[in-house]
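Chemist:
Numbering (full-length UniProt numbering), first residue to last: 1 to 120.
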């Protein structure tokens with residue numbers, strides 16, 4: 001409301017809040033979930049995706065093939081079917097020296113390439 005002198009006076013303050021949300025479904029209830037079998041969390045490190053010469057993309061490809069069940073025999077595929085989460089614990093990207101000066105578009109692309117490769 002407007003008070004004397006043309007100033008506004010607030011009677012109450014209403015802060016924004018997130019809408020109520022339902023909890024996410026359990027992995028066993030998702031299509032293709034692990035059901036009642038054993039469930040696993042895969043902890044991965046040292047991928048160094050996008051390293052210039054030290055790390056061929058085979059590390060990431062092997063990890064993806066194993067986790068998706070495309071690698072190994074029936075026993076390994078059954079184990080991979082129980083993986084409900086993958087945690088990247090470190091070493092996902094190589095150490096890159098980024099210059100402090102502005103980068104041209106080609107240099108920007110080379111710095112961002114490893115992150116795009118990791119986004120699978």
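For every residue, glycine included, the Cβ atom is placed at its ideal position computed from N, Cα and C.
All values reported here derive from a predicted model rather than from experimental measurement.
Quick check on this structure: which residue in 21, 88, 20 and 15 has the alpha carbon closest to the alpha carbon of residue 47?
Modeler: By one-based count along the chain shown, residue 47 stands at place 47. Cα-wise, what sits closest to residue 47 is 88.
Chemist: Could you pull the start and end residues of the beta strand (DSSP E) that residue 48 belongs to?
Modeler: As a first step, residue 48 is located in the chain shown; it is residue number 48 there, counting from the start. Where residue 48 is concerned, there is no enclosing beta strand (DSSP E), given that its DSSP letter is neither H nor E.
Chemist: Should residue 114 go down as buried or exposed, given a rule of 16 or more other Cβ atoms within 10 Å for buried?
Modeler: Here residue 114 corresponds to residue number 114 of the chain shown, with the count starting at 1. Its Cβ being crowded by 16 or more others within 10 Å, residue 114 is buried.
Chemist: Here's the rule: buried if 16 or more other CB atoms are within 10 angstroms of the residue's CB, otherwise exposed. What is residue 152?
Modeler: Here the chain covers residues 1 to 120 and nothing more, so residue 152 does not appear.
Chemist: Give the range of the beta strand (DSSP E) segment to which residue 1 is assigned.
Modeler: Here the question's residue 1 lines up with position 1 in the chain shown. That residue, residue 1, is in no beta strand (DSSP E); it is neither H nor E in DSSP.
Chemist: Between the C-alpha atoms of residue 37 and residue 23, what's the straight-line distance to the nearest angstrom?
Modeler: Working through the chain shown from its first residue, we reach residue 37 at position 37. Working through the chain shown from its first residue, we reach residue 23 at position 23. CA-to-CA, the gap between residue 37 and residue 23 works out to about 22 Å.
Chemist: Assuming the contact rule is C-beta atoms closer than 8 Å, residue 86 and residue 44 should be a hit. Round their C-beta distance to whole Å, please.
Modeler: Residue mapping note: residue 86 aligns to position 86 of the chain shown, counting from 1. Residue mapping note: residue 44 aligns to position 44 of the chain shown, counting from 1. Residue 86 to residue 44, Cβ: 6 Å. Contact.
Chemist: Per DSSP, which residues does residue 15 bridge with? Please list them.
Modeler: For the purposes of this step, residue 15 is taken as the residue at position 15 of the chain shown. In DSSP, residue 15 forms no bridge with anything.
Chemist: Let me confirm a value: residue 6 is counted as buried when at least 16 other C-beta atoms fall within 10 Å, else exposed. Which label applies?
Modeler: For this step, residue 6 is matched to residue 6 along the chain shown. By the 10 Å Cβ count, residue 6 comes out exposed.
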